[in-house]
Amino acid sequence: MQRRHERLLHFAVVGVLLVPLVGAAAGGLLDRLGANPVEQLTHVTGEWALRCLLLTLAVTPAKRLLGWPGLLRYRRSFGLLAYTYAVAHFSVYLVFDLGFDLGFLLEDVAERPYITVGFAAFLGMTPLAVTSTRSWQRRLGRRWQSLHRLSYVVGVLAIVHFWWLVKADELGPAVHAAALGLLLLARRLPARSGR
Ligand code: HEM
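Under this note's numbering, read the sequence shown as residues 1 to 195, first letter to last.
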């Protein structure tokens, strides 16, 4: 019974985190995204990619604090959600901003520092998404954990990308940077035993 409740809760949490993506896609199809739909799609997908990434990094400290091992199954889901948003974010940019021109993409990556850093973050997320399965976890053994520490580097790159592109209001990147800083500190939390 307990397991069924846990599965339902997990399903509901993933469903809620998909609402912004489904909402943005529906808004795009129904032409309800305002004067600049591409900008709106880029913002929603970029922000949620970063939020889901931070949620992924929050799972291990939360598990240590609460002592609930069931939380670990959320880590993979949050990570895959972050990657889903990042793929959508990159696709919006590639298709609508660049007209699927890979030459423009290479130019942008080479010439615009915030795109270089965003692209590096996206590339860094790819092996993490591919190796997120249990079978890869078993196959890589201890190396899996070392590889997945890359998610902190991705977090830093994503925040630098965000910070670099904002023109005036730096609150958004500052809040996300503070959250990442706290999560890095929380890595030092001792594991709670007995539960
Ligand atoms: C292929 C790599 C990427 C490209 C080409 C890219 C491109 C862009 C562009 C063009 C914008 C909008 C700039 C503007 O409004 O002037 C943007 C915004 C943003 N991107 Fe990316 N990005 C990439 C990867 C990522 C990744 C991996 C993340 C997070 C994990 C991310 C998070 C964000 C955030 C948070 C914003 C700001 C959204 C807002 O203004 O509210 N990006 N990106």
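Glycine included, every Cβ here is placed at the ideal spot set by N, Cα and C.
Residue i CB to nearest heavy atom of the ligand HEM below 7 Å
i: D97; result: yes
i: G67; result: no
i: L217; result: Here the chain covers residues 1 to 195 and nothing more, so residue 217 does not appear.
i: T42; result: yes
i: H89; result: yes
i: F122; result: yes
i: R111; result: Arg is not the amino acid found at residue 111; the sequence shown has Glu there. No, the beta carbon of E111 sits no closer than 7 Å to any heavy atom of the ligand HEM.
i: F100; result: no
i: L171; result: no
i: F162; result: yes
i: L50; result: yes
i: F119; result: yes
i: L165; result: yes
First and last residue of the uninterrupted alpha helix (DSSP H) at residue i
i: R142; result: 142-148
i: D108; result: 102-111
i: L65; result: 37-66
i: G34; result: Taken as a continuous stretch (DSSP letters only), G34 belongs to no alpha helix (DSSP H), as it is neither H nor E.
i: G172; result: 171-186
i: G79; result: 72-92
Own chain residues within Cβ distance below 6 Å of residue i, not counting five before or after
i: R195; result: Low confidence applies to R195: its pLDDT is 41, below 50, so where it sits in the model is not reliable, and the reading given next is rough at best. Result list for R195: G67, in chain order.
i: M1; result: Residue confidence for M1 is low, a pLDDT of 47 falling below 50, so the modelled location carries little weight; the figure read from the coordinates is stated next. Hits under 6 Å: none found.
i: E6; result: G70
i: A24; result: L41, V44
i: A49; result: A82, Y85, A86, H89
Residue closest to residue i, alpha-carbon to alpha-carbon, out of the options
i: V153; options: C52, L180, R134, L189; result: L180
i: Y114; options: S151, A158, V22, R134; result: A158
i: L189; options: H148, V59, L123, L21; result: V59
i: T42; options: L65, A86, F104, L53; result: A86
i: A177; options: E47, A24, G15, H10; result: E47
Neighbourhood of residue i by C-beta, 8 Å cutoff - its chain only, sequence neighbours within 5 removed
i: V13; result: Y74, S77
i: K63; result: P69, L71, L72
i: L8; result: none
Spatial neighbours of residue i in its chain, beta-carbon cut-off 7 Å, leaving aside the 5 residues before and after
i: H161; result: Y114, V117, G118, A121
i: T56; result: R75, F78, G79, A82, S151
i: V95; result: none
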